[in-house]
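Counting from 10, one number per residue, gives the positions in the sequence shown under the working numbering.
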Amino acid sequence: MSSYVVTGAAKGIGFEYVTQLSANGDNTVFAVVRHKATATELKALKNLTVLQADVTDPKALQLAANEVSKATGGKLDYLINNAGKTNHPGFPLDGFPSPEAVEYDLLDNFKTNTIGVVHCTNAFIPLLKNGSTKKVLSVSSSIGDLELTLLGDVVAEPSYSISKAVVNMVVAKYAAQYREEGFTFLAICPGMVRTSMAPTEDNAPGEMKMLAAALAKVAPDFKGPIAPEELVKMQLDVIYSWTPERSGEFVSHFGNKQWL
10 MSSYVVTGAA KGIGFEYVTQ LSANGDNTVF AVVRHKATAT ELKALKNLTV LQADVTDPKA
70 LQLAANEVSK ATGGKLDYLI NNAGKTNHPG FPLDGFPSPE AVEYDLLDNF KTNTIGVVHC
130 TNAFIPLLKN GSTKKVLSVS SSIGDLELTL LGDVVAEPSY SISKAVVNMV VAKYAAQYRE
190 EGFTFLAICP GMVRTSMAPT EDNAPGEMKM LAAALAKVAP DFKGPIAPEE LVKMQLDVIY
250 SWTPERSGEF VSHFGNKQWL
C-alpha cells in the first residue's frame, strides 16, 4: 500500500492523478485543493481525502501535512507537486504594457509555480523521510528548458517559462541535499495536454501565435495535445521506474528529453 499527496487536484492533470491513484483501493490518496467547496468533481471519487490548502500558504500546507500524518502514522510515500498557473499574457518580456505589468506577471507566476513547490515540499519532507519510497515529482514544462527555448525561439509565456526553469533548479537542490537519504526528486514536463490551463485561440490568441511559430521550428509534425488520462499513465510509469541514482533530473513524460 502506498500513500500519495497531489496538489492542484481539483482539475486538469491533478484531477486525473487522483482519479487514477484512488481507483486502486490499496492506495491512500490525498487531494490538495485551494477551495474544497468548488472542487465538486472530487466528491464522486472514492478512497480519497480532500484537503484545503493554497500552495502559496505555508501555514495551510502545514495543517494539511498534519492531517496526512494523522491518517498515515506520520509517513508519506509520494508527493506530486502539480499545482501551477499561467496568466497567458500574450507578450514577450519587452512587450508588456508597463514595467508594473511585467513585474506583476513574473512575481505572480513565481509565487505559485516556484515558491509553492518549495513550501509544499518543505511541509511534507518530514513525512516523506518516514515513507517507503521517498519520491517527489514536480511538474515542470519544456518551455522552461534553455536549449528548447533557443532552438525554437520560444518567446511565449515568459513568466511561466522562467518560473518553471527555476523549478528545475529547486528539484536539483533538493536532490543534492537528500541524495544520501534515498530520496528521488524529479522534474517532469507533461508535454502539451488537453486541459483548461492550456492556451486557446479564444482565451490566449497572442500566446497561440507565438507557440505556433515555435512548434513549426521544433516539432513541425506535432499532432496536437494528448489527453490527461494518457499523460498521467505515462508520468506514473516514469516516476515508478525512476531511481535515487538519477534524482534531480528534468525529463519529459517519455522519461527523456523528447518534449512532444
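Heads up, the beta-carbon is just placed ideally off N, CA and C, and yes, glycines get one too.
Report all residues from its chain with a CB closer than 7 Å to the CB of G125; omit the five preceding and five following residues, and keep chain order.
As a first step, residue 125 must be located in the sequence shown, where it is residue number 116. Within the same chain, and ignoring the five residues on either side of G125 in sequence, the residues whose Cβ sits closer than 7 Å to its Cβ are V64, T65, A92.
Three-state class that DSSP yields for A40 in the structure shown:
Residue 40 sits at position 31 when you count from the first residue of the sequence shown. DSSP places A40 in the strand class (E or B) of the three-state scheme.
Determine the DSSP secondary structure at F259, reduced to helix, strand or coil.
The sequence position of residue 259 within the sequence shown is 250, counting from 1. Strand at F259.
Option in T16, A19, V14, Y26 with minimal Cα separation from K242:
Sequence index remark: in the sequence shown, residue 242 carries index 233 (1-based). Ranking the options by Cα distance to K242, first place goes to Y26.
From which residue to which residue does the alpha helix (DSSP H) around K182 run?
Numbered from its first residue, the sequence shown carries residue 182 at position 173. Looking at the DSSP string, the run of the alpha helix (DSSP H) that includes K182 is 167-187.
Quick check: G200 and W268, are their CB atoms within less than 8 Å of each other?
Along the sequence shown, read from residue 1 onward, the residue named residue 200 stands at position 191. Along the sequence shown, read from residue 1 onward, the residue named residue 268 stands at position 259. A Cβ-Cβ contact shorter than 8 Å links G200 with W268.
Our contact map puts D86 next to T142 with C-beta atoms below 8 Å; I'd like the distance itself, whole angstroms only.
By 1-based counting over the sequence shown, the position of residue 86 is 77. By 1-based counting over the sequence shown, the position of residue 142 is 133. The pair is a contact, with the Cβ atoms about 4 Å apart (cut-off 8 Å).
On the three-pair Cβ rule with 8 Å, is the region 107-120 touching the region 74-88?
Contact between the region 107-120 and the region 74-88 is absent: fewer than three C-beta pairs spanning the two stretches fall below 8 Å.
Apart from the five residues on each side of it in sequence, which residues of its chain come closer than 7 Å, Cβ to Cβ, to V77?
As a working mapping, residue 77 is identified with position 68 in the sequence shown. Excluding sequence neighbours, V77 sits near V14, F39, L85, L136.
May I ask you to report which of helix, strand or coil DSSP gives N90?
Here residue 90 is taken as the residue at index 81 of the sequence shown, counted from 1. When secondary structure is reduced to three states using DSSP, N90 falls in the strand class.
State the beta-bridge partners of Y13 as determined by DSSP.
Residue numbering aside, residue 13 sits at position 4 when the sequence shown is read from its first letter. Paired residues: V38, Y87.
Give the secondary structure of Q61 by DSSP, where H, G and I count as helix, E and B as strand, and everything else as coil.
Working through the sequence shown from its first residue, we reach residue 61 at position 52. Q61: strand per DSSP, three-state reduction.
Could you pull the start and end residues of the beta strand (DSSP E) that F194 belongs to?
Along the sequence shown, read from residue 1 onward, the residue named residue 194 stands at position 185. For F194, the uninterrupted beta strand (DSSP E) segment begins and ends at 193-198.
Which residues in the same chain have their Cβ closer than 7 Å to the Cβ of A74, if we skip the five residues on either side of it in sequence?
By one-based count along the sequence shown, residue 74 stands at place 65. Apart from sequence neighbours up to five positions away, the residues of its chain that approach A74 with a beta-carbon distance below 7 Å are A132, F133, L136, ordered along the chain.
Report the residue from N90, P167, S150 whose alpha carbon sits nearest the alpha carbon of Y113.
Position 104 of the sequence shown, counting from 1, holds the residue named residue 113. Relative to Y113, the option among N90, P167, S150 whose CA is nearest is P167.
Rank Y187, L72, V59 by C-alpha distance to the C-alpha of T47 and give the top, closest one.
Here residue 47 corresponds to residue number 38 of the sequence shown, with the count starting at 1. When each option's Cα is compared against that of T47, the closest is V59.
Inter-residue spacing [alpha-carbon to alpha-carbon] between V180 and R255:
In the sequence shown, counting from the first residue as 1, residue 180 sits at position 171. In the sequence shown, counting from the first residue as 1, residue 255 sits at position 246. CA-CA distance, V180 to R255, rounds to 12 Å.
Would you grab the beta carbon distance between S151 and N177 for me? Rounded to a whole angstrom, and I think it's under 8 Å.
Working through the sequence shown from its first residue, we reach residue 151 at position 142. Working through the sequence shown from its first residue, we reach residue 177 at position 168. No, S151 and N177 are not in contact; Cβ-Cβ is about 11 Å, not under 8 Å.
Since T193 and K144 should fall inside the 8 Å C-beta cutoff, what is the C-beta to C-beta distance between them, to a whole number of angstroms?
In the sequence shown, the residue the question calls residue 193 occupies position 184. In the sequence shown, the residue the question calls residue 144 occupies position 135. Indeed, because the Cβ distance is near 5 Å, the residues count as touching under 8 Å.
Less than 8 Å between C-beta atoms, sequence neighbours within five positions excluded: which residues of the same chain meet that for S250?
Residue mapping note: residue 250 aligns to position 241 of the sequence shown, counting from 1. Within the same chain, S250 has close Cβ partners G264.
Exposed or buried, which one is N33 when buried takes at least 16 other CB atoms within 10 Å?
As a first step, residue 33 must be located in the sequence shown, where it is residue number 24. Result: exposed.
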